[in-house]
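So the structure is just underneath, and the comments pick up after that.
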Amino acid sequence: MAKHVLRLVAVVYVLFLLVLPVGLIVWRTFGDGLGPFAEALTSPSALHAFKVTLAVAGWSVVANTVFGVGAALLLVRHEFPGKRLLGAFIDLPMAVSPVVVGLALILVYGRFAPVGGLLESWGIQVIFSTPGMVLATVFVALPLVVRAVVPVLEELGDEQEQAAHTLGAGRLQVFTRITLPGIRWALGYGVVLCLARSLGEYGAVAVVSGRLVDQTQTLTLFVEERFQNFDQPAAFAAATALALIAVVTLLLTKLLRPKDRSHGN
Amino acid sequence: MTRSRVAGGTAAGLGIAVLYLSLIVLIPLAAVVWRSADEGPGYFWRSVTTPDAWAALTLTIGASALVALVNLVIGTVIAWVLVRDRFPGRAVLDTIIDLPFALPTIVAGLVLLALYGPQSPLGVNLAYSRAGVVLALMFVTLPFVVRTVQPVLLELDTEMEQAAASLGAKPFQTFRRIILPNLIPAMLSGTALAFTRAIAEFGSTVLISGNLPFKTQVAAVNLFSQIESDNITGAAAISTVLLVVALVALIALDVLQRWGSRRG
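Note that the protein sequences, when read in sequence, are chains A and B. To convert, note that position 221 of the first sequence is 221 in my numbering; the numbers rise steadily by one, no gaps. To convert a position in the second sequence, counted from 1, into my numbering, add 265.
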C-alpha cells in the first residue's frame, strides 16, 4: 500500500512539474504541423541567433575541454600544495548566479574597466560582443569537463602510463596512446554536458551581450525577446528546438555514462 | 623521468591553470567584492537594504528555503521509488529526472508559463505570483536531492532491514531507525545544493514572475535591473550578499559530506 502511494506521489510530481509543461510546448509548436515551426526558425533573426549560439558554444566547449583535461590531470596525477583549494576554485562557478557572472566580467572587461579599456585601445571589444559572451559561457560551464574526467582518471591509475614511459614513450605519446583512450567516454560525457550548458546559457549572456537583436542575440535570448514581443510562435519554436537539444543531450549522457562503469570493472 | 622534470611540469601546468582561472573566474569575482566596498560600508548597507533590494533578497532566501525543504522530502521519495520500486516506465522516470539540468532555464520558465500561466489548459494561473516563483525554483532544483540520495540507497545493504523486520520492527520503524540515519547526510547535501542553486536562479523566474518589485522579483532579477539602470556599486553589493550566502551553503555542504563519510 505504502509502496503504491510513494510511486504515485513520485510519478504525479514529475508529471506535473516536468512532463506536462514540456509536452505542452512541443504540442503547441507542432500543433499546426512542421511548416510554421520551420518558418519561425528560418527567419533571418532566428538564423542569426543560431549562428551566434553555435559560435559561442563552440569556443566555450574547446576552451573548457582543453582546460578540463589539463586541470583533471593536474588534480589527479600531480602533488602540490593548495590542491584542495584549486579543486574548490574550479567548482566555484556552480555556486555563482549567472547575473553575478555577467557583472563580474563587466567590472574587469567592460569599456570603462582597466583591462577592458586596454583591450579596447587595441581594438578588441569584449563586453557587448562575442569575446565577452564566450568568457561568460566558459565561466558557467567551467567545472563540467573536469568533474567528469577526474573520477575516471583516479580509477584508471597511472600504472599503464608509467609502463609506457619506461618503454620509452614520450609525454605526448603516453597522453594520446594511453590516457586519452582511457578517459574517452568520460570526456565525451563531460563535453556533451558542457555543450548543453553552453547552448542553453541565458543569464550571464544576457548581461554581457547587451541583448542586441541580430548582433549578439543567442537562441535563449531570442526566446525571451520574441516572447516579450508577443511573437509566441517564434518563441515556442525556438524553445522547442532548445528542448529537443536538451533531450538529445540527456540520451547521449545516458549512453556515455554506463560505459565508464563497465570500463572500471 | 627525473624528479625535477616532474616538478617542473607540475609547476608549469599549475601556473597555466591558475592564470586561466584567475582571468576568467577569480579576478572578476574579486572585482565584484572590491567594487561593493567602493563607497564604504554605509553605502553597501544602504544598497542592500533599499526596499526593493531587501524585498528581493528576503523573497529569494525564503522561497529557496521552502523549495529546498520540498526537495528534501519529494527528492528522497523519488530516489526511493527509483531504487526500490519496479514498475513499467521506471527507466523513463530515471532518465527525465535530469531534464532540468539539460534544459535552458529560459525554456523552463516558458514551459511552466504555458501550463500554469494565463492560457493554462488546467485553469491554474500562477503567473506573476510568488507561487509561480516557487514553481520555477522547484523545476530547476528537482535533480539535486534525487541524484545525491539515489547512489547511497543503491549501496545500502538490505540485510539490516531484513534483520530488523524479522525481529518484529514495523516498516516505518525500520525506515526511521535503519534507513533514515544512513540517508540523512546525502539528503542534507542534496538539499544544500538545491538551496544554493535556488538562491542563484535567474532565467526560469524571468518570464513567470513578471518581475514585480516587492512581490515576485527575486534577487538575481533585481540585480539584473540594477545593472541595466547602471547602478553598478549597488549591484555589486547585492552580488556580494549572494556570493556570501552561496559560500556559507557550500561550507555547510562540505561539513555535511565529511560528516557523512565519517559515518559511512
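Glycine is no exception: its CB is placed at the ideal position from the N, C-alpha and C atoms.
Assign Asp-422 (chain B) to one of two classes, buried (16 or more other C-beta atoms within 10 Å of its C-beta) or exposed (fewer than that). Here residue 422 (chain B) corresponds to residue number 157 of the second sequence, with the count starting at 1. Flag for Asp-422 (chain B) reads exposed.
In chain A, what lies closer than 7 Å to Leu-507 (chain B) by C-beta? For the purposes of this step, residue 507 (chain B) is taken as the residue at position 242 of the second sequence. In chain order: Ser-97 and Val-100.
Counting contacts by CB-CB distance shorter than 9 Å, is Phe-366 (chain B) in contact with chain A? What you label residue 366 (chain B) is simply residue 101 of the second sequence in a count that begins at 1. It does; some Cβ of chain A falls within 9 Å.
For Leu-347 (chain B), which option in B:Arg-442, B:Leu-377 and B:Val-410 has the closest C-alpha, if you only look at C-alpha atoms? By 1-based counting over the second sequence, the position of residue 347 (chain B) is 82. The shortest Cα separation from Leu-347 (chain B) among B:Arg-442, B:Leu-377 and B:Val-410 belongs to B:Val-410.
Rounded C-alpha distance that separates Ala-55 (chain A) from Thr-65 (chain A): Residue mapping note: residue 55 (chain A) aligns to position 55 of the first sequence, counting from 1. Residue mapping note: residue 65 (chain A) aligns to position 65 of the first sequence, counting from 1. Using only the alpha carbons, I get a separation of about 15 Å.
Nearest-angstrom Cβ-Cβ length linking Leu-105 (chain A) and Gly-132 (chain A), presumed shorter than 8 Å: Here residue 105 (chain A) is taken as the residue at index 105 of the first sequence, counted from 1. Here residue 132 (chain A) is taken as the residue at index 132 of the first sequence, counted from 1. So it is a contact: roughly 6 Å between Cβ atoms.
According to the Cβ coordinates, are Val-313 (chain B) and Leu-324 (chain B) closer than 9 Å? Taking the second sequence and counting its residues from 1, the one referred to as residue 313 (chain B) is at position 48. Taking the second sequence and counting its residues from 1, the one referred to as residue 324 (chain B) is at position 59. No, these two residues do not count as a Cβ contact at 9 Å.
Assign Gly-110 (chain A) to buried or exposed, taking buried as 16 or more other Cβ atoms, counted over all protein chains shown, within 10 Å of its Cβ. One-based indexing of the first sequence puts residue 110 (chain A) at position 110. Buried.
Hey, does Phe-80 (chain A) have any beta-carbon neighbour from chain B nearer than 9 Å? The residue given as residue 80 (chain A) occupies position 80 in the first sequence. Judged by the 9 Å Cβ criterion, Phe-80 (chain A) is in contact with chain B.
Does the separation of the CB atoms of Leu-187 (chain A) and Ala-148 (chain A) fall below 9 Å? Locating residue 187 (chain A) in the first sequence gives position 187, counting from the first residue. Locating residue 148 (chain A) in the first sequence gives position 148, counting from the first residue. Going by C-beta atoms, Leu-187 (chain A) is nearer than 9 Å to Ala-148 (chain A).
Using a Cβ cut-off of 8 Å, pull out every chain A residue sitting near Gly-278 (chain B), in sequence order please. Residue mapping note: residue 278 (chain B) aligns to position 13 of the second sequence, counting from 1. Those are Gly-70, Leu-73, Leu-74 and His-78, listed as they occur along chain A.
Assuming contact is defined by CB atoms lying nearer than 9 Å, are Ser-394 (chain B) and Thr-341 (chain B) in contact in what I supplied? Locating residue 394 (chain B) in the second sequence gives position 129, where the first residue counts as 1. Locating residue 341 (chain B) in the second sequence gives position 76, where the first residue counts as 1. No, they are not a contact pair.
Along chain A, in chain order, which residues have C-beta atoms closer than 9 Å to that of Leu-264 (chain B)? Here chain B comprises residues numbered 266 to 529, so residue 264 (chain B) is not present and cannot be evaluated.
Looking only at C-alpha atoms, which of B:Pro-365, B:Val-376 and B:Met-425 sits nearest to Asp-24 (chain A)? Position 24 of the first sequence holds residue 24 (chain A). It is worth fixing the name first, because residue 24 (chain A) is Leu in this sequence and not Asp. Per the Cα distances, B:Val-376.
Taking Phe-489 (chain B) as part of the alpha helix (DSSP H), name the residues at either end of that continuous run. Numbered from its first residue, the second sequence carries residue 489 (chain B) at position 224. Per DSSP, Phe-489 (chain B) belongs to the alpha helix (DSSP H) from 484-493.
How big is the Cα-Cα spacing for Asp-369 (chain B) and Arg-523 (chain B)? Position 104 of the second sequence, counting from 1, holds the residue named residue 369 (chain B). Position 258 of the second sequence, counting from 1, holds the residue named residue 523 (chain B). Note that residue 369 (chain B) corresponds to Pro in the displayed sequence, not to Asp. Those two C-alpha atoms are separated by around 32 Å.
Tell me the rounded alpha-carbon separation between Thr-315 (chain B) and Leu-472 (chain B). Within the second sequence, residue 315 (chain B) is the residue found at index 50, counting from 1. Within the second sequence, residue 472 (chain B) is the residue found at index 207, counting from 1. Each residue's alpha carbon lies about 24 Å from the other.
Please classify Asp-317 (chain B) as buried or exposed, where buried requires at least 16 other C-beta atoms within 10 Å of its C-beta. The sequence position of residue 317 (chain B) within the second sequence is 52, counting from 1. Asp-317 (chain B) is exposed by the Cβ-count criterion.
Select from A:His-4, A:Ala-204 and A:Leu-8 the residue whose C-alpha is nearest the C-alpha of Ile-127 (chain A). Looking up residue 127 (chain A) in the first sequence gives position 127. Closest option to Ile-127 (chain A), Cα to Cα, is A:Ala-204.
Give the residues from the region 217-237 of chain A that approach chain B closer than 7 Å (Cβ to any Cβ), ordered along the chain. Thr-220, Val-223, Glu-224, Phe-227 and Ala-235
Using a 10 Å radius around the Cβ and a threshold of 16 neighbouring Cβ atoms, would you call Gly-327 (chain B) buried or exposed? Along the second sequence, read from residue 1 onward, the residue named residue 327 (chain B) stands at position 62. Exposed, since its Cβ has fewer than 16 Cβ neighbours within 10 Å.
Of the choices A:His-4, A:Ala-237, A:Glu-39 and A:Val-22, whose alpha-carbon is the least far from that of Arg-349 (chain B)? Your numbering for residue 349 (chain B) matches position 84 in the second sequence. Minimum Cα distance to Arg-349 (chain B) is reached at A:His-4.
Cα-Cα, which of B:Thr-275, B:Leu-284, B:Ala-302 and B:Gly-525 is closest to Pro-450 (chain B)? As a first step, residue 450 (chain B) must be located in the second sequence, where it is residue number 185. Closest by alpha carbon: B:Gly-525.
Straight-line gap, Leu-453 (chain B) to Val-297 (chain B) (C-alpha atoms, nearest Å): Locating residue 453 (chain B) in the second sequence gives position 188, where the first residue counts as 1. Locating residue 297 (chain B) in the second sequence gives position 32, where the first residue counts as 1. Straight-line Cα distance between these residues: approximately 30 Å.
Whole alpha helix (DSSP H) elements within the region 439-475 of chain B, 4-residue minimum: 445-465 and 468-474
Does the beta carbon of Tyr-308 (chain B) sit closer than 9 Å to a beta carbon anywhere in chain A? Indexing the second sequence from 1 puts residue 308 (chain B) at position 43. Not one chain A Cβ lies under 9 Å of Tyr-308 (chain B).
Taking C-beta pairs closer than 9 Å, name the residues in chain B that Ala-169 (chain A) reaches, listed in chain order. Indexing the first sequence from 1 puts residue 169 (chain A) at position 169. Here the premise fails: no neighbours, minimum Cβ distance about 11 Å.
Go ahead and pull the three-state DSSP assignment for Asp-214 (chain A). As a first step, residue 214 (chain A) is located in the first sequence; it is residue number 214 there, counting from the start. It is coil, neither helix nor strand.
Any beta carbon of chain A sitting closer than 9 Å to that of Ala-517 (chain B)? What you label residue 517 (chain B) is simply residue 252 of the second sequence in a count that begins at 1. Chain A contact via Cβ: absent.
Ordered along the chain, which non-local residues of its own chain (more than five positions away) have a Cβ less than 6 Å from that of Ile-492 (chain B)? In the second sequence, the residue the question calls residue 492 (chain B) occupies position 227. For Ile-492 (chain B), where only same-chain residues beyond five positions count, the Cβ hits under 6 Å are Ala-500.
Any idea if Asn-336 (chain B) is buried or exposed, counting beta-carbon neighbours within 10 angstroms, 16 or more meaning buried? Position 71 of the second sequence, counting from 1, holds the residue named residue 336 (chain B). Asn-336 (chain B) is buried by the Cβ-count criterion.
Given Pro-416 (chain B) as reference, the closest of B:Leu-378, B:Glu-426 and B:Gly-455 once Cα atoms are compared: Counting from one through the second sequence, the residue named residue 416 (chain B) turns up at place 151. Residue B:Gly-455 is the option with its Cα nearest to Pro-416 (chain B).
Taking just the CA atoms, how far does Phe-67 (chain A) sit from Leu-294 (chain B)? One-based indexing of the second sequence puts residue 294 (chain B) at position 29. One-based indexing of the first sequence puts residue 67 (chain A) at position 67. For Leu-294 (chain B) and Phe-67 (chain A), the distance between alpha carbons rounds to 19 Å.
Helix, strand or coil, according to DSSP, for Ile-106 (chain A) in the structure here? Position 106 of the first sequence, counting from 1, holds the residue named residue 106 (chain A). Ile-106 (chain A) falls in the helix class under three-state DSSP.
Which of the three DSSP states is assigned to Gly-56 (chain A) in this structure? Position 56 of the first sequence, counted from the first residue, corresponds to residue 56 (chain A). A small fix is needed here, since residue 56 (chain A) is Val in this sequence, not Gly. The answer is helix: DSSP assigns Val-56 (chain A) an H, G or I state.
For my contact list, Phe-467 (chain B) and Ser-121 (chain A) are in at a C-beta cut-off of 8 Å; report their separation, rounded to the angstrom. Here residue 467 (chain B) refers to the residue found at position 202 when the second sequence is read from its first residue. Here residue 121 (chain A) refers to the residue found at position 121 when the first sequence is read from its first residue. Incorrect: roughly 32 Å between the Cβ atoms, too far for contact.
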